[in-house]
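With full-length UniProt numbering, the residue at position 24 of the sequence shown is 24, and numbering never jumps. Beta carbons are placed, not taken as given, at the ideal position from N, Cα and C, and that holds for glycine.
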Amino acid sequence: MINIALMGAGRIGKMHAEIITAHPEANLQYVYDVNKEFSSQVAKKHNAELVNSPEEAINSDTINAILIASATPTHTQFITMGAKAGKAVFCEKPIDLDINKVNECMEAINGIDIPLQIGFNRRFDNSH
């Protein structure tokens, strides 16, 4: 079983929560969002634990991975936190809108051996 912390409970976060809970080998352990109403709804619907800070979820020994579906300005922070905590990281696109912040993030996690995936699935889509 892979225990996952969801960062962001907006439209995309809700979609990911559905997908996580539908998978027989995945467990949505924690939900965090700055909007407590959103995070509370998602946590309640999927029997997950509501956390009050990203650190509480990311630094938990009970999770294996974090899924970042929060606002873009938080992505580099959460990627760095997750990598430094030794968690697998899936982050929705974009990493950031500022290439300097992207480079700083990649430099900060350089040499940390964790799976990292960015959710850009349109590479070969003719409509893109």
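Can you list, in chain order, the residues of its chain whose CB lies under 7 Å from that of residue i, leaving out five sequence neighbours each side?
{"i": "G119", "result": "F90, C91, E92 and K93"}
Measure the Cβ-Cβ separation of residue i and residue j and say whether it is below 8 Å.
{"i": "N3", "j": "N27", "result": "yes"}
{"i": "T80", "j": "A108", "result": "yes"}
{"i": "S39", "j": "A69", "result": "no"}
{"i": "D33", "j": "T72", "result": "no"}
{"i": "K14", "j": "V51", "result": "no"}
{"i": "I66", "j": "M7", "result": "yes"}
{"i": "A88", "j": "I112", "result": "no"}
{"i": "E49", "j": "Y30", "result": "yes"}
{"i": "L116", "j": "A83", "result": "yes"}
Got a sec? Which residues, its chain only, sit under 6 Å from residue i by beta carbon, not counting five neighbours each side?
{"i": "I20", "result": "I4, A26 and L28"}
{"i": "H46", "result": "A17, T21 and L28"}
{"i": "K101", "result": "T76"}
From the DSSP secondary-structure annotation, give me the bridge partner or partners of residue i.
{"i": "residue 138", "result": "Lying outside 1 to 128, the shown extent of the chain, residue 138 is not represented and no answer is given."}
{"i": "residue 134", "result": "Residue 134 lies beyond the residue range present for the chain, which begins at 1 and ends at 128; the question has no answer from this structure."}
{"i": "I112", "result": "Answer is none; I112 lacks a bridge partner."}
{"i": "I79", "result": "Partner(s): none; I79 has no beta bridge."}
{"i": "I2", "result": "A26"}
Should residue i be flagged as near chain B, meaning a C-beta pair shorter than 8 Å?
{"i": "E107", "result": "In the displayed structure, chain B is absent; only one protein chain is listed."}
Could you name the residues of the same chain whose beta carbon sits closer than 8 Å to that of residue i, not counting the 5 residues immediately before and after it, in chain order?
{"i": "N64", "result": "I2, N3, I4, K87 and A88"}
{"i": "S53", "result": "Y32"}
Could you pull out every unbroken alpha helix (DSSP H) segment of at least 4 residues lying fully inside the stretch 19-74, listed in chain order?
36-45 and 54-58
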